[in-house]
Amino acid sequence: MNVSRIAIAGGVAASTVLLLAGPAAAHVSVQPQGEAAKGSYATINFKVPNERDDASTVKLEVNFPAEHPLSSVSPQAVPGWKIKVDKSKLDKPLDVHGKKITEAVSKVTWTSDGSKIEPGYFQQFPLSVGQLPEDADQLVFKALQTYDNKEVVRWIEEPVEGGEEPESPAPVLKLTAASADAHGAAAADDKSDHATDDKAAKDTKADSASPSASADSSDGTARILGVVGIVIGIAGVAFGVLAGRRRTA
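Residue numbering for the sequence shown follows the numbering used here, starting at 790 and increasing by one per position.
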């Protein structure tokens, strides 16, 4: 009996842990489409699940990291949602492709315009962003999720490396190392271009030499035919003379 009670108690406790862990794992997150390489541009998606059984999400606010401003932020239209992009002046202008950027996006807000994230569903909000910093391994975006019952969930706690996940973690975009394949590919293309040029040059030389070779061949053939014609002509004359003599005799 005691064993059965202990087993039941353990099962209840385990179920409680799972129930509590479920909602905590379903938080606002950000993921790139493909890779988010340092110094490049990327398309990222903010994934917003609905954690409530009796309310729907009607608003998402995403704050951009001020310590790593992004010069380009372009939202993709999401049916049923209005998008507002806020910018702020930079203390230090950014130099992007030789152009001075004096302001950057500080916040993007999606507000329900007919659509809602209902219980049991999630929604993705895409952005094209860049130029990603070269001196950081990640970007932390603090987000606020608002429900239609006026509840606001603040996903703003920054994770600590090696520590446990916070109760309300902020979305974190992991950055990958900048790829040097582009330089290698450029070098390979240059080699390929040189090889193609060399081949083309050889083909051109061969083509330019071909008419002369053809002309020489044609001249030789003409000479041979001429000699053959002369021989045939002489033979014809000799045959005619012999035939005439036979008739006279």
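Quick reminder that beta carbons are idealized off the backbone N, C-alpha and C, glycines included.
Query                                                                                                                                          : Result
To the nearest whole angstrom, what separates the beta carbons of Leu962 and Val819, a pair I think is in contact under 8 Å?                   : 5 Å
Can you give the Cα-Cα distance for Gly869 and Ser829, rounded to whole angstroms?                                                             : 30 Å
Within the region 848-875, note down every full beta strand (DSSP E) run reaching 3 residues or more, in order along the chain.                : 861-864
Is it buried or exposed, Lys881, if we count other Cβ atoms within 10 angstroms and call 16 or more buried?                                    : exposed
Determine contact between the region 948-956 and the region 859-873, defined as no fewer than three beta-carbon pairs at a distance below 8 Å. : no
Would the C-beta of Ala826 count as close to the ligand NAP, meaning under 7 Å from any of its heavy atoms?                                    : The ligand content of the structure shown is nil, which means the ligand NAP is not present either.
To which residues of the same chain is Gly919 closer than 8 Å at the C-beta, ignoring the five residues directly before and after it?          : Ser829, Tyr830, Ala831, Leu859, Ser860 and Ser861
For the beta strand (DSSP E) containing Ser895, list its first residue and its last residue.                                                   : Lys888 to Ser901
Which two residues bound the contiguous beta strand (DSSP E) that contains Arg943?                                                             : Val941 to Trp944
Using alpha carbons as the reference points, say which of Ser901, Ala826, Val867 and Lys876 lies closest to Gln934.                            : Ser901
Are the Cβ atoms of Ala959 and Lys827 separated by less than 8 Å?                                                                              : no
Cβ atoms of Tyr936 and Arg841: under 8 Å apart, would you say?                                                                                 : yes
Expressed to the nearest angstrom, what Euclidean distance is found between the alpha-carbon atoms of Gln913 and Val929?                       : 18 Å
How is Ser917 classed by DSSP in three states: helix, strand or coil?                                                                          : strand
When the Cα atoms are used, what is the spatial distance from Phe853 to Ala932?                                                                : 9 Å
Distance check for Ile833 and Glu824, CA to CA, integer angstroms please.                                                                      : 9 Å
Give me whichever residues DSSP pairs with Pro958 in a beta bridge.                                                                            : Glu946
Would Val847 and Phe835 qualify as a contact pair, given that the criterion is a beta-carbon distance under 8 Å?                               : no
Beta-carbon within less than 7 Å of Val885's beta-carbon, same chain only, minus the 5 sequence neighbours each way: which residues are those? : Ser860 and Gln920
First and last residue of the beta strand (DSSP E) that includes Lys827?                                                                       : No beta strand (DSSP E) contains Lys827, which DSSP labels as neither H nor E.
Using three-state DSSP, classify Ala1004 as helix, strand or coil.                                                                             : Because Ala1004 sits at a pLDDT of 43, beneath the cut-off of 50, its placement in the model cannot be relied upon, and the point is left open.
Thinking C-beta only, is Ile906 closer than 8 Å to Ser845?                                                                                     : yes
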